[in-house]
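Chains as they are written, first to last, in this note's numbering: chain A, 474 to 607; chain B, 25 to 266.
Structure first, then comments.
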Amino acid sequence: MHEWALAEAVVATARRFAQEQKLHEVTLIKVRLGELQRIEREIFTAVLQQLLQQEAAPLKSARLSIEIESARFRCRLCAREWSLDETSASPEECEAIHFIPEMAHVYLRCLDCSSPDFEIVQGRGVWLAGLEGM
Amino acid sequence: MDPRSAIIPKRMESVRRIIAVAAGKGGVGKSSIACGLALALHDLGYGVGLLDLDFYGPSAHVILGVREDIRPQEEYGILPPTVDGIKFMSLVYYASEHPVPLRGLDLTNALIELLAITCWGPLDFLIIDMPPGLGEATLDLIRLLPRAEFLVVTTPSRVALATVRKLIELLKQQRVSLLGVLLNMQHADSSSLVISLEVPLLEALPFDPQWEAALGDRARLVRTLVYGRLREVAQKIQKIII
Numbered sequence: 474m475h476e477w478a479l480a481e482a483v484v485a486t487a488r489r490f491a492q493e494q495k496l497h498e499v500t501l502i503k504v505r506l507g508e509l510q511r512i513e514r515e516i517f518t519a520v521l522q523q524l525l526q527q528e529a530a531p532l533k534s535a536r537l538s539i540e541i542e543s544a545r546f547r548c549r550l551c552a553r554e555w556s557l558d559e560t561s562a563s564p565e566e567c568e569a570i571h572f573i574p575e576m577a578h579v580y581l582r583c584l585d586c587s588s589p590d591f592e593i594v595q596g597r598g599v600w601l602a603g604l605e606g607m
Numbered sequence: 025m026d027p028r029s030a031i032i033p034k035r036m037e038s039v040r041r042i043i044a045v046a047a048g049k050g051g052v053g054k055s056s057i058a059c060g061l062a063l064a065l066h067d068l069g070y071g072v073g074l075l076d077l078d079f080y081g082p083s084a085h086v087i088l089g090v091r092e093d094i095r096p097q098e099e100y101g102i103l104p105p106t107v108d109g110i111k112f113m114s115l116v117y118y119a120s121e122h123p124v125p126l127r128g129l130d131l132t133n134a135l136i137e138l139l140a141i142t143c144w145g146p147l148d149f150l151i152i153d154m155p156p157g158l159g160e161a162t163l164d165l166i167r168l169l170p171r172a173e174f175l176v177v178t179t180p181s182r183v184a185l186a187t188v189r190k191l192i193e194l195l196k197q198q199r200v201s202l203l204g205v206l207l208n209m210q211h212a213d214s215s216s217l218v219i220s221l222e223v224p225l226l227e228a229l230p231f232d233p234q235w236e237a238a239l240g241d242r243a244r245l246v247r248t249l250v251y252g253r254l255r256e257v258a259q260k261i262q263k264i265i266i
């Protein structure tokens, strides 16, 4: 599963941040999953926990807080805003967006003017939202 | 904080050399040279990957004749399918033949995602087919893969030389490793034009009408004059130590 690769990225970034901040123990890792990428929270949590078990201090005992951020889009031509719920895409198109969220510009269109030139305002993909520790 | 960039060095840790095939403008044969060089290095016995980063005009899949039903497999990331012995990765697996209208930030995001999730495994050479010019992809590659060596392609046209001069100036300013220049579609005495670029001329390739007829067919591609010359380039590159 390619979620593993993204979870590895989260752990690598958390490890680097903890080193930079000289944290002896990271107590909480906060992750936001953008709705657009359609990553299952349960799967991502399980993968992250597995990776953290393989870590030494300071990450080994970190708890996880994983939230889903809803996806919002804004058309650059007509300024229309919409959510992912309002769009329709085939399973194959959703799978392409799952791997590369920017494929949204290939398969989704502005609901008013059909332009592919829109901004992904929020909810794109995996984001390390914060770390707590001492 | 975006976590993806932090994992890119790990994705590349088993890749011995990264060669970005770049050009100042489109239409100079960059993708053909990237594909031909990848084939030539593979034929010399090396483990080779090919990454098509020309998101707006991908063409390496056409040159290599990648079947439409081929898709990357998932296993702790994305595994590039092996095409004619070369591990090949491209956005066309996800966009098919649809246009990919990406603005700068979206292009950067797609590029980072691709580099972060693609698991190349051990490779002697990763050849990157770059988009033309000095835009996001070139700047991102310099930032994300600082050990990439650039192979610059131009034709003898004054238009191409004017643009490639700017690319070379940028690469030198950024202290990027420059393997040299490939002069494509050479005509009589045109090699001397490259001297003004102040970068070693690796090879001058003739215009080869057989290449177009051989597109998509590896067995025919390797019988072309251009492939023969690219094999010489591959032999030179394997000896260059940056």
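Where a beta carbon is used, it is the ideal one built from N, C-alpha and C, also for glycine.
Model, not experiment: these values are computed from the prediction.
Problem set entry | Helix, strand or coil at Trp235 of chain B according to DSSP, with G and I counted as helix | As a working mapping, residue 235 of chain B is identified with position 211 in the second sequence. Reduced to three states, the DSSP call for Trp235 of chain B is helix.
Problem set entry | Ile573 of chain A versus A:Val483, A:Gly507, A:Pro531, residue with shortest Cα-Cα distance | Position 100 of the first sequence, counted from the start, is the residue given in the question as residue 573 of chain A. The shortest Cα separation from Ile573 of chain A among A:Val483, A:Gly507, A:Pro531 belongs to A:Gly507.
Exercise. Out of curiosity, what's the CA-to-CA distance linking Thr106 of chain B and Ala64 of chain B?
Worked result: As a position in the second sequence, residue 106 of chain B is number 82, starting the count at 1. As a position in the second sequence, residue 64 of chain B is number 40, starting the count at 1. CA-CA distance, Thr106 of chain B to Ala64 of chain B, rounds to 15 Å.
For this session: Name, please, each residue of chain B whose Cβ falls closer than 7 Å to the Cβ of Met474 of chain A.
Result: Stepping through the first sequence from its first residue, residue 474 of chain A is reached at position 1. Within 7 Å Cβ-Cβ: Glu98.
Problem set entry | Neighbourhood of Phe490 of chain A by C-beta distance below 7 Å, restricted to the same chain and skipping five residues each side | Reading the first sequence from its first residue, position 17 is the one you call residue 490 of chain A. Only Leu604 meet the Cβ criterion.
Exercise. Do the stretch 35-44 of chain B and the stretch 230-238 of chain B touch if we need at least three Cβ pairs shorter than 8 Å?
Worked result: Between the stretch 35-44 of chain B and the stretch 230-238 of chain B, the count of Cβ pairs shorter than 8 Å is below three; the stretches do not touch.
For this session: Check whether the Cβ atoms of His571 of chain A and Ile141 of chain B sit closer than 8 Å, and answer yes or no.
Result: What you label residue 571 of chain A is simply residue 98 of the first sequence in a count that begins at 1. What you label residue 141 of chain B is simply residue 117 of the second sequence in a count that begins at 1. Between His571 of chain A and Ile141 of chain B, the CB-CB gap reaches or exceeds 8 Å.
Exercise. CB-CB under 7 Å to Phe591 of chain A, same chain, minus the five flanking residues each way: which ones, in chain order?
Worked result: Start at 1 with the first residue of the first sequence, and residue 591 of chain A comes out as number 118. Here the set comprises Phe546, Arg547, Cys548, Arg549, Cys583.
Exercise. Around the Cβ of Ser563 of chain A, are there at least 16 other Cβ atoms within 10 angstroms (buried) or fewer (exposed)?
Worked result: Position 90 of the first sequence holds residue 563 of chain A. Classification of Ser563 of chain A: exposed, given that the 10 Å Cβ count is below 16.
Problem set entry | CA-to-CA distance, Arg511 of chain A to Asp93 of chain B, given in whole angstroms | Start at 1 with the first residue of the second sequence, and residue 93 of chain B comes out as number 69. Start at 1 with the first residue of the first sequence, and residue 511 of chain A comes out as number 38. Between Asp93 of chain B and Arg511 of chain A, the C-alpha separation is close to 24 Å.
For this session: Over the uninterrupted alpha helix (DSSP H) stretch that includes Val124 of chain B, give me the two end residues.
Result: In the second sequence, counting from the first residue as 1, residue 124 of chain B sits at position 100. Counting along the chain, no alpha helix (DSSP H) covers Val124 of chain B, and no H or E run does either.
Exercise. Taking only runs of the alpha helix (DSSP H) that begin and end inside the stretch 47-109 of chain B, which ones reach a length of at least 4 residues, in chain order?
Worked result: Qualifying alpha helix (DSSP H) stretches, in chain order: 54-67, 84-88.
Problem set entry | Where Cys143 of chain B sits in the DSSP three-state scheme | Within the second sequence, residue 143 of chain B is the residue found at index 119, counting from 1. Shown here, Cys143 of chain B sits in coil according to DSSP, grouped into three states, outside any helix or strand.
Problem set entry | Start and end residues, alpha helix (DSSP H) containing Ala482 of chain A | Residue 482 of chain A sits at position 9 when you count from the first residue of the first sequence. It spans 476-493 - the alpha helix (DSSP H) in which Ala482 of chain A sits, taken as one unbroken run.
Problem set entry | Contact under 8 Å by Cβ, Leu225 of chain B with Leu207 of chain B | On the second sequence, position 201 is the one that residue 225 of chain B refers to. On the second sequence, position 183 is the one that residue 207 of chain B refers to. Between Leu225 of chain B and Leu207 of chain B, the C-beta spacing is below 8 Å.
For this session: Excluding the 5 residues preceding and the 5 following Glu498 of chain A in the sequence, name in chain order all residues of the same chain whose CB lies nearer than 6 Å to its CB.
Result: Residue mapping note: residue 498 of chain A aligns to position 25 of the first sequence, counting from 1. For Glu498 of chain A, the CB contacts under 6 Å within the same chain, skipping 5 residues up- and downstream, are Pro531, Gly606, Met607 in chain order.
Exercise. Is it the case that the Cβ atoms of Arg242 of chain B and Ile136 of chain B are separated by a distance below 8 Å?
Worked result: Along the second sequence, one-based indexing puts residue 242 of chain B at 218. Along the second sequence, one-based indexing puts residue 136 of chain B at 112. Contact: no.
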